[in-house]
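Report on the following structure.
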Amino acid sequence: MTSAVAFGVPAEAFVLVIYKERRSVGTSTSVTRHSILAFRTPDGREYRIDEQNGLRRAVGDRVGVRYLPERPDRAVTVDHGTLEDTICVAVGALLILGGLVGVIITLGHLPPRPPIVIPQWRH
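When the sequence shown is numbered by my numbering, its final residue is 124 and no position is left out of the sequence of numbers.
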């Protein structure tokens, strides 16, 4: 897989179908997003891959893929999702950073605590 990313032939794939797969184990349920991608090799053959990385895609989206010439059926995507995914991650990171800055500022402005006086016992 990493050799396809590093040394593979680049191609442009299109999202043909999107579906979700639900799996239940006991009381927990997980949902995996799938995208069926199609691309053509220079000799005109069409290949389809089932992408299961959970990225949000829409039918018709263009997706960069790379494949080894001897195994085009094992193509891998080389993009990292849509602009929407990037914006969500950036906003989340900014919110976390803002919260940390707020905590640090609040801790820096707290009044000093008075010393703790421990009464001494006299016999």
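We put the beta carbon where it would ideally sit given N, CA and C, even for glycine. All of these numbers come straight from a predicted model, not from anything done at the bench.
Taking 9 Å as the cut-off, the beta carbon of Ile50 is found closer than this to the beta carbon of Val66.
Rounded to whole angstroms, Leu108 and Gly27 show a C-alpha spacing of 44 Å.
Cβ contact annotation for Asp80 (same chain, cutoff 8 Å, sequence separation greater than five): Val64, Gly65, in chain order. DSSP lists Glu13 as the bridge partner or partners of Gly65. The beta carbon of Ile19 sits closer than 8 Å to those of Arg34, His35, Ser36, Ile37, Arg58, Ala59, Val60, all from its chain and outside the five residues before and after it, given in chain order. Distance from the CA of Gly9 to the CA of Tyr48, rounded to the nearest whole angstrom, comes to 15 Å.
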